[in-house]
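Before any comments, here is the structure.
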Amino acid sequence: MINVIIFDNNNLVVTGLHAYFKSTSNIEVVADFSSSQQLIEHLQSSQSTTDVLLLALHTKENLGLDLIRQVRNLQPTLYIIVYSRINNEINRNCCLQSGANYYYCTYSPLEELYNHVKNIPSYKSEFHKNQILLKLTPKEKQLIEYLSMGMTSKEIAHQLKVSVNTINNQKNHLISKFDCVSSTQLIIQLIRLGYLHL
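What follows is the structure, given as structure tokens:
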């Protein structure tokens, strides 16, 4: 059974999520909180056995990214799913960089959220496998550092005195190595896995 808690001050949304997950056989909503103080106190409790936190990005407290960071510092292994009606890359990337594991747009079908939650045990397994198995070479570390600074392939090539093709090949290798599809996703994944600290 996957234990879920919800943070949201919208009673209608909370009631809807309770009802939806109650109809499933492998996910249970064990608590919900409308204030960040209540949430933090619960997470600090030694009795907290939460697997997943469903966190509304926009609430009356308007904490957003700060609350994500606070929760992540308290519970490094907690799987954080942020949800919002706003669906854009800036919001998504900011949440992921702050410590969230997944960003769900509320305009998407609830089945998408359910399918992601039910597969979290396998995601966590893959996460730990990556932490153990994937090693970075000195050249890869150097390239990642430049990418995290927002440098283009041309700028990195000039800095390292190599061709742009060489940098692109190295970058594509890293993207494939960490099962990503873009440089932006790569940086987010590296932050999430602890290889990169901004």
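In terms of this note's numbering, the sequence shown opens at residue 84 and continues consecutively.
Glycine included, C-beta positions come from ideal geometry on N, C-alpha and C.
Simplified DSSP assignment, three categories, for residue i
| i | result |
| --- | --- |
| C188 | strand |
| D91 | coil |
| K212 | At K212 the pLDDT is 49, less than 50, meaning the model places this residue with poor confidence; the figure from the coordinates comes in the next sentence. In the structure shown, K212 sits in a helix (DSSP, three-state: H, G or I). |
| F104 | helix |
| S259 | helix |
| E144 | coil |
Check: residue i C-beta below 7 Å from any heavy atom of the ligand GTP
| i | result |
| --- | --- |
| H199 | What this structure holds is no ligand at all, so the ligand GTP is not there to describe. |
Reference residue i; option with closest CA among the options
| i | options | result |
| --- | --- | --- |
| L279 | N252, Q242, E223 and N255 | E223 |
| L146 | Y229, L137 and S119 | S119 |
| L140 | A240, Q272, L179 and T235 | L179 |
| V187 | L219, L137, R152 and F90 | According to the sequence shown, residue 187 is Tyr rather than Val. Residue L137 is the option with its Cα nearest to Y187. |
| Q158 | N184, K254, E172 and R168 | N184 |
| E144 | L273, F116 and T189 | F116 |
| K260 | K218, Q225, M234 and V247 | K218 |
| S191 | L243, Y166 and L257 | Y166 |
| R175 | N198, I151 and T235 | I151 |
| P282 | I271, Y162 and N248 | Within the shown structure, residues of the chain are numbered from 84 to 281, placing residue 282 beyond reach of any answer. |
C-beta contact flag for residue i and residue j at 8 Å
| i | j | result |
| --- | --- | --- |
| L95 | V112 | no |
| V87 | D149 | no |
| I85 | V245 | no |
| S236 | N251 | yes |
Whole-angstrom C-beta distance between residue j and residue i, which should lie under 8 Å
| i | j | result |
| --- | --- | --- |
| L122 | F90 | 5 Å |
| T142 | N92 | 5 Å |
*Is the segment 249-266 in contact with the segment 224-238, if contact means three or more CB pairs nearer than 8 Å?*
When C-beta atoms of the segment 249-266 are compared with those of the segment 224-238, three or more pairs fall below 8 Å, so the two segments count as touching.
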